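Here the working numbering is used: the first residue of the sequence shown is 246, the next is one more, and so on. Beta carbons: idealized from backbone N, C-alpha and C, even for Gly. All values derive from a computational prediction rather than experimental measurement. Heads up, the thing below is written out as structure tokens.
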Amino acid sequence: MELEYTSEKTETQCTNMKAAKRLFDGNELLARSLLARINALKSADSIKDIIVQPMFHFHKLKNKNGRDLEGYFAIDVKSRKDPWRIIMQPLDENKNPYEPCNIDQISGIVKIVEITEVSKHYE
């Protein structure tokens with residue numbers, strides 16, 4: 246799968262061990278897990294390959310604090326017990342968001358995702 250990033254900072258955090266460790270306050274285990282998740286996303290043929298694996302806990306995001314998160318999804322950086330998530334949005338072949346984003350219907354054809362952030366989304 247092809248990965249796009251909303252910012253250079255997010256891309257660096259997801260592809261550079263030193264930057265990932267800095268994001269996680271020096272936690273090398275989380276940094277390694279993040280880079281492994283990014284590699285898994287890159288290796289997938291489509292987003293469906295990620296959705297069907299329970300260890301990723303792929304889930305739809307809900308609108309929160311006035312922030313419209315329709316069409317955004319997350320996977321765990323390490324596990325459900327850890328608060329860190331990789332936030333992403335599926336993109337079509339023209340690199341535009343799907344409108345509407347019915348992931349159950351499009352999961353087999355989504356070959357591009359945009360990583361918007363790595364954060365403690367639920368805090």
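CA-to-CA distance, residue j to residue i, given in whole angstroms
i    : j    : result
Y317 : A265 : 22 Å
K305 : N272 : 27 Å
D313 : T257 : 25 Å
N347 : D270 : 36 Å
N308 : L280 : 27 Å
Cβ pair residue i, residue j closer than 8 Å
i    : j    : result
I320 : E362 : no
C259 : I283 : yes
R275 : V358 : Going by the sequence as given, residue 275 is Leu instead of Arg. No, they are not a contact pair.
W262 : A289 : Trp is not the amino acid found at residue 262; the sequence shown has Met there. No, these two residues do not count as a Cβ contact at 8 Å.
I295 : L286 : yes
M302 : R277 : Residue identity differs from the one stated: residue 302 is His in this sequence, not Met. Their beta carbons are not under 8 Å apart, which means H302 does not touch R277 by this criterion.
P342 : K365 : no
Whole-Å CB distance - residue i paired with residue j, under 8 Å assumed
i    : j    : result
P335 : V355 : 4 Å
Y250 : I360 : 5 Å
- Segments assigned alpha helix (DSSP H), at least 4 residues, entirely inside the segment 314-354: For the alpha helix (DSSP H) assignment, the uninterrupted runs of no fewer than 4 residues enclosed by the segment 314-354 are, from N- to C-terminal side, 348-351.
- Return the chain-ordered ranges of every alpha helix (DSSP H) run that is complete within the segment 247-290 and spans a minimum of 4 residues. Runs of the alpha helix (DSSP H) inside the segment 247-290: 253-260, 262-268, 273-288.
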